[in-house]
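Enquirer: First, the structure itself, so that you have it in front of you.
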Amino acid sequence: MPTRRVMILLPTAGYYGVMGEALREAFAVHGVPVTHVCAPIRPHIETLDAEELRRALDEFAPTDVLSVNIPRRELPLPSGVSYHCWIQDPYCAEVKDGPCAEHVWMLIKHWVDWWGGKYLPCATDFGKYLDAPSEYDADIAIASAMPPLRMVFFPHDPVQMVRTNEVMGRLPDYLLESRRFMCDPPYAEELLARAEEETGITLNPALRPLALTHYQGSINRHVQRKLLLDALIPACQRRNWTLALVGPDWDRYPKYRPYHVGMLGGPHLARFYQRAKVNLHSNGDSNVHWRPLECLAAGAFVLSEAHHSDHEPGGFRSMLPEEVAPTFSGPEQLEEKLDYYLTHAEARRQAIEAGGEIVRRDHTFVQRAATILES
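Position 293 (the sequence shown) corresponds to 331 in my numbering; numbering is contiguous.
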């Protein structure tokens, strides 16, 4: 068997650039030759330079290629190269249309039951940034994204979501019932038309079905974050709590713009986590996500919005117990828990220490690289 040689296809800048570099370093720890080539995750795969990738493949001659959310059929990989596709978002990866790779690694355990593949949970290398701040920049911080105007226009007015069995053909009934916010195809078309009118950009017809499918499936997380912020901002104003937002596109919305402090990654994002008393996490698919792990590994406290999958096999509670990574349900409980943790520094410290130890021991990229190499 030839010596394993791993090529990572991920953006070389931004959030996924940090992830790609962490994976490169993780494989190197195992003594495996590794290279990191710039390839955008979907839905922007159309910008991939296929000829440049072919040259990189010829020069490096990998035995294994790893990427996120890109089906193999869209990559000029030679025969004999094992392709590993880590699925962060099945709505983008279109797993339902056929195998993405010889090895499909699902980020969320319950996705495996209905999409196939193997479970490979998220990880972090933020333990290298571990620090205890002497002072804080914000009481509450959120690091996440709102939908970008270049793909979808998220209206300023209230949005009425509907459940529909047409959203994703293979979603099981229990998941359809638990996902509170989905939009049907006509509503997705309406929002996309508003996006094109707002930006003056008309999507390539070949990309339109992908954009609509992604929007129908993932709108719930954006509505969830909108509802969270719409309840949190008045509470912050009443209680004199300071709030900071990091991530793309918050500044496009007048209501959220005053709290937006920019785009951060790597050590700068770790410092942002550390210098907030409470980091809030809200994600529609699962609490098994990079952000809670990053916070705890770096020495920061995190409070997440409860998810129906938290107590399922492979769910959030299989990774982190309640005492180190508490959750809240609804605006009233959110305010109660914020009040408690903002005024009980010792409770935060204990959660950070115990949770950080778990993450830095069990959820590193070095461990995930080992799993891939053992496959």
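From the three backbone atoms N, C-alpha and C, an ideal C-beta is built for every residue, glycine too.
What residue from 46, 328, 383 and 293 has the CA that sits closest to residue 163's CA?
Expert: Nearest C-alpha to residue 163: 328.
Enquirer: Rounded to whole angstroms, what's the CA-CA distance from residue 161 to residue 403? Just pull it up for me.
Expert: So the alpha carbons of these two residues sit roughly 5 angstroms apart.
Enquirer: In the DSSP assignment, find the beta strand (DSSP E) that holds residue 177 and state where it starts and stops.
Expert: Note, residue 177: beta strand (DSSP E), 176-181.
Enquirer: Quick check: the region 137-156 against the region 295-302, are at least 3 beta-carbon pairs closer than 8 angstroms?
Expert: These segments do not touch.
Enquirer: Have a look at residue 377 and residue 398 and give me their C-alpha separation to the nearest angstrom.
Expert: Looking at the two C-alpha atoms, the distance is approximately 28 angstroms.
Enquirer: Going by the CB atoms, is the gap between residue 315 and residue 420 shorter than 8 angstroms?
Expert: This structure cannot speak to residue 420, because the chain is shown only from 39 to 413.
Enquirer: With a threshold of 8 angstroms between beta-carbons, can residue 389 be considered close to chain D, or not?
Expert: The chain inventory of the structure shown lacks chain D, comprising one protein chain alone.
Enquirer: Buried or exposed for residue 383, going by 16 or more other Cβ atoms inside 10 Å?
Expert: Answer is exposed; the Cβ neighbour count stays below 16.
Enquirer: With respect to the alpha helix (DSSP H) encompassing residue 60, which residues constitute its N-terminal and C-terminal limits?
Expert: Unbroken alpha helix (DSSP H) run through residue 60: 52-67.
Enquirer: Taking the alpha-carbon of residue 312 as reference, which of 86, 70 and 391 has the nearest alpha-carbon?
Expert: Comparing Cα positions, the closest option is 391.
Enquirer: Alpha carbons only, please: which of 77, 126, 46 and 127 is nearest the one belonging to residue 100?
Expert: The option with the nearest alpha carbon to residue 100 is 46.
Enquirer: Go ahead and pull the three-state DSSP assignment for residue 409.
Expert: It is helical.
Enquirer: Could you give the DSSP three-state label for residue 279: helix, strand or coil?
Expert: Of the three classes helix, strand and coil, the one that applies to residue 279 here is coil, per DSSP.
Enquirer: Look at the alpha carbon of residue 277 and the alpha carbon of residue 334, and state the distance between them as a whole number of angstroms.
Expert: Roughly 26 angstroms separates the two Cα atoms.
Enquirer: Quick check on residue 37: does DSSP put it in helix, strand or coil?
Expert: Since the first residue of the chain shown is 39 and the last is 413, residue 37 is not available in this structure.
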